[in-house]
Amino acid sequence: MKNRICEILGVAYPIILGPMRLITLGEMAAAVSESGGFGQIAASGLSPDRLRSELMKARDLTNRPIGVNIPLYRPNASEALEIAIEVGIKVITTSAGNPGKFIDRIREAGIKVLHKVSTVDMAVKAEAAGVDGVIATGFEAGGHIGREQVTTLCLVPQLVDVLRIPVVAAGGIGDARGLLAAFALGAEGVEMGTRFLGSSECPVPDFFKELVITAKSDSTLLLGKGAMPIRVLKNKASMMISRTDKAQEDDRLTASGDKSYVQSGGDADSSLMPCGQVAGLITELKNIGEIIPEMMKEVESLSSQLSTIFLGIKGEK
Ligand SMILES: Cc1cc2nc3c(=O)[nH]c(=O)nc-3n(C[C@H](O)[C@H](O)[C@H](O)COP(=O)(O)O)c2cc1C
1 MKNRICEILG VAYPIILGPM RLITLGEMAA AVSESGGFGQ IAASGLSPDR
51 LRSELMKARD LTNRPIGVNI PLYRPNASEA LEIAIEVGIK VITTSAGNPG
101 KFIDRIREAG IKVLHKVSTV DMAVKAEAAG VDGVIATGFE AGGHIGREQV
151 TTLCLVPQLV DVLRIPVVAA GGIGDARGLL AAFALGAEGV EMGTRFLGSS
201 ECPVPDFFKE LVITAKSDST LLLGKGAMPI RVLKNKASMM ISRTDKAQED
251 DRLTASGDKS YVQSGGDADS SLMPCGQVAG LITELKNIGE IIPEMMKEVE
301 SLSSQLSTIF LGIKGEK
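The structure is reproduced here in structure tokens:
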């Protein structure tokens, strides 16, 4: 495949590993990049030294492009950017904040940047600030989502209609059908988090992975609706927080501490586990090395099935 997102990222396939706080570290990022996608490390929750060492670890494991996601509202965003520059990162993704404040330094370092957005207004501002592309995160996605709760299906084509820069779809994509649907909407790439949670290499506890692969269509819920909405798996802890409507006050949701969502010693009942609605589609753990090649193979056969369907609709053979 060749399109603007492949060119920006320097990869064969426009499939991005969604950054996941304290989960997508050096090993996962390198494994995704090795299979032709774009692996990235989430800077969120990492000390500067740990970020540097995870980036170096990924560098040791692959020569292919890797990136880092920097949440811009955090006080150490500039420091994370300087570390990315020092390590020679060529593409970063940014989220939760104004990319305009950082764009001069990003440009000066010759880095490309994709910014995560959840509304058209946010995307228009990001384009005006000079980012190279946007990642449209829909309501279905795991982890923090936009307050306005716009779905991927609605957000992506609205962005494609008004932006000149390319759009990546995130939220609800877990297989070739999702990728093709995103491309039909005009996206030039996809970002997946939940699909990679269900991978053998993902460093979350087994109980978390088990819940991902046994999840049904309604196994997630939204917490923190007023402040920072976050989609998590339903369990005792999330249902209790949801009932008492104290989500904003729960320090596990504020993302301001350096804690993992899954506390050490936590279990399937007491942990908060971010996860997207697409978990209902994921029924087995796969190796990261299999996920992208299988998806791309499936894209080929699905594309020819689709053209047969459309020829059938037009009454042609
Ligand atoms: C466990 C988990 C943690 C996440 N942490 C972050 C994060 O630290 N920063 C961020 O920008 N997005 C985060 N996300 C969102 C993902 O990067 C990605 O955009 C999202 O998972 C895509 O939707 P999907 O879950 O339907 O694939 C997280 C998602 C999950 C499931």
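Residues 1 to 317, numbered by this note's numbering, are exactly what the sequence shown covers, in order. Backbone N, C-alpha and C fix where the C-beta goes; we use that ideal spot for every residue, glycine too.
### Task
Over the uninterrupted beta strand (DSSP E) stretch that includes P157, give me the two end residues.
Working through the sequence shown from its first residue, we reach residue 157 at position 157. It is not in any beta strand (DSSP E) - P157 instead sits in the alpha helix (DSSP H) that spans T152 to V162.
### Query
Exposed or buried, P203, counting other C-beta atoms within 10 Å across all chains shown (16 or more means buried)?
Looking up residue 203 in the sequence shown gives position 203. Taking every protein chain shown into account, the CB of P203 has fewer than 16 other CB atoms within 10 angstroms, so this residue is exposed.
### Query
Is K116 near ligand 1, in the sense that its beta carbon is under 7 Å from a heavy atom of that ligand?
Translated into the one-based positions of the sequence shown, residue 116 becomes position 116. At least one heavy atom of ligand 1 lies less than 7 Å from the C-beta of K116.
### Message
Please return the same chain residues whose Cβ sits closer than 6 Å to the Cβ of R164, not counting the five positions on each side in sequence.
### Response
Here residue 164 corresponds to residue number 164 of the sequence shown, with the count starting at 1. Apart from the 5 residues on each side of it in sequence, R164 has no Cβ closer than 6 Å to any other Cβ in its chain.
### Query
From R21 to V131, what does the alpha carbon distance come to, in whole angstroms?
Along the sequence shown, read from residue 1 onward, the residue named residue 21 stands at position 21. Along the sequence shown, read from residue 1 onward, the residue named residue 131 stands at position 131. Rounded to the nearest angstrom, the gap between the Cα atoms of R21 and V131 is 23 Å.
### Task
Can you tell me which of A129, I16 and T119 puts its alpha carbon nearest to the alpha carbon of I106?
Locating residue 106 in the sequence shown gives position 106, counting from the first residue. Of A129, I16 and T119, the residue nearest in Cα terms is A129.
### ligand 1 heavy atom lying under 7 Å from the CB of N69
To locate residue 69, count along the sequence shown from 1; it is residue 69. Yes, since a heavy atom of ligand 1 falls inside the 7 Å radius drawn around the Cβ of N69.
### Extent of the continuous alpha helix (DSSP H) run through P293
Here residue 293 corresponds to residue number 293 of the sequence shown, with the count starting at 1. From DSSP, the alpha helix (DSSP H) with P293 extends over I288 to I313.
### Message
Is the separation between the beta-carbon of I41 and that of V68 shorter than 8 Å?
### Response
Sequence index remark: in the sequence shown, residue 41 carries index 41 (1-based). Sequence index remark: in the sequence shown, residue 68 carries index 68 (1-based). Going by C-beta atoms, I41 is nearer than 8 Å to V68.
### Message
Let me make sure I understand the geometry here. Which of N76, R64, S35 and A215 has the alpha-carbon closest to that of V51?
### Response
The residue given as residue 51 occupies position 51 in the sequence shown. Note that residue 51 is Leu in the sequence shown, not Val. The option with the nearest alpha carbon to L51 is N76.
### Task
Examine ligand 1 and report whether any of its heavy atoms sits within less than 7 Å of the Cβ of R50.
Counted from its first residue, the sequence shown places residue 50 at position 50. The answer is no for R50.
### Message
Count Cβ pairs between the stretch 279-287 and the stretch 210-219 that sit closer than 8 Å; are there 3 or more?
### Response
As far as the Cβ criterion goes, the stretch 279-287 touches the stretch 210-219, which means the pair count is three or higher.
### Message
Any heavy atom of ligand 1 closer than 7 Å to the beta-carbon of R21?
### Response
Your numbering for residue 21 matches position 21 in the sequence shown. R21: yes, Cβ under 7 Å from ligand 1.
### Message
When you compare the CB positions of A176 and M1, do they come within less than 8 Å of one another, or not?
### Response
Here residue 176 refers to the residue found at position 176 of the sequence shown. Here residue 1 refers to the residue found at position 1 of the sequence shown. Contact: no.
### Query
Under 8 Å, do A169 and V150 count as touching if we go by C-beta distance?
Counting from one through the sequence shown, the residue named residue 169 turns up at place 169. Counting from one through the sequence shown, the residue named residue 150 turns up at place 150. Between A169 and V150, the CB-CB gap reaches or exceeds 8 Å.
### Backbone secondary structure at I106 - three-state DSSP
Here the question's residue 106 lines up with position 106 in the sequence shown. Three-state result, I106: helix.
### Query
V168 lies in the beta strand (DSSP E); which residues open and close that run?
Position 168 of the sequence shown, counting from 1, holds the residue named residue 168. Here the beta strand (DSSP E) through V168 covers V167 to A170.
### Message
Would you say the beta carbon of P274 is closer than 7 Å to some non-hydrogen atom of ligand 1?
### Response
Walking along the sequence shown from the start, residue 274 turns up at place 274. Within the cutoff, so yes.
### Query
Hey, P19 and I5: beta-carbon distance below 8 Å or not?
Position 19 of the sequence shown, counted from the first residue, corresponds to residue 19. Position 5 of the sequence shown, counted from the first residue, corresponds to residue 5. For the pair P19 and I5, the CB atoms are not nearer than the 8 Å cut-off.
#### Entry: Simplified DSSP assignment, three categories, for A255
As a working note, residue 255 is residue 255 in the sequence shown. Unreliable placement is indicated for A255, whose pLDDT of 43 sits below 50; no coordinate value is reported for it.
### Task
With DSSP collapsed to three states, give me the class of S200.
Counted from its first residue, the sequence shown places residue 200 at position 200. Under the three-state reduction of DSSP output, S200 falls in the coil class, being neither helix nor strand.
### Query
Mind checking whether the beta-carbon of L197 lies closer than 7 Å to any heavy atom of ligand 1?
Within the sequence shown, numbered from 1, the residue matching residue 197 stands at position 197. Set against 7 Å, the gap from the CB of L197 to the closest heavy atom of ligand 1 is smaller.
### Query
If you measure from the CB of S33, is any heavy atom of ligand 1 nearer than 7 Å?
The residue labelled residue 33 in the question sits at position 33 within the sequence shown. Between ligand 1 and the CB of S33, the shortest heavy atom gap is not smaller than 7 Å.
### Task
Could you tell me which residues DSSP pairs with T137 in its beta bridges?
To locate residue 137, count along the sequence shown from 1; it is residue 137. In the DSSP output, where bridge partners are listed per residue, T137 has A170.
### Strand pairing of M192, partner residues [DSSP]
Taking the first residue of the sequence shown as position 1, residue 192 is located at position 192. Answer by DSSP bridge pairing, in chain order: L17.
### Own chain, CB closer than 8 Å to I8, minus 5 neighbours either side, in chain order
On the sequence shown, position 8 is the one that residue 8 refers to. Here I8 has V91, K112, L114, D132, G133 and P166 as same chain residues with Cβ atoms under 8 Å from its own Cβ, once five neighbours each way along the sequence are excluded.
### Query
For R243, does the three-state DSSP call read helix, strand or coil?
As a first step, residue 243 is located in the sequence shown; it is residue number 243 there, counting from the start. Under the three-state reduction of DSSP, R243 is assigned to helix.
### Query
Between the Cα of S199 and the Cα atoms of E27, T62, L61 and P65, which residue gives the shortest distance?
Within the sequence shown, numbered from 1, the residue matching residue 199 stands at position 199. A check of alpha carbon separations from S199 across E27, T62, L61 and P65 identifies E27 as the nearest.
#### Entry: Coil, strand or helix - V232 by DSSP
Working through the sequence shown from its first residue, we reach residue 232 at position 232. Secondary structure of V232 (DSSP, three-state): strand.
### Message
Distance check for K314 and R59, CA to CA, integer angstroms please.
### Response
To locate residue 59, count along the sequence shown from 1; it is residue 59. To locate residue 314, count along the sequence shown from 1; it is residue 314. Rounded to the nearest whole angstrom, the CA to CA distance from R59 to K314 is 51 Å.
### Task
Decide if I309 is buried, meaning its Cβ has at least 16 other Cβ atoms within 10 Å, or exposed.
Position 309 of the sequence shown holds residue 309. Answer is exposed; the Cβ neighbour count stays below 16.
#### Entry: Any C-beta of chain B under 8 Å from that of A30
Among the protein chains of the structure shown there is no chain B, as only one such chain exists.
### Query
Below 8 Å between beta carbons: does that hold for L159 and V120?
On the sequence shown, position 159 is the one that residue 159 refers to. On the sequence shown, position 120 is the one that residue 120 refers to. In this structure, L159 lies near V120, with their beta-carbon atoms less than 8 Å apart.
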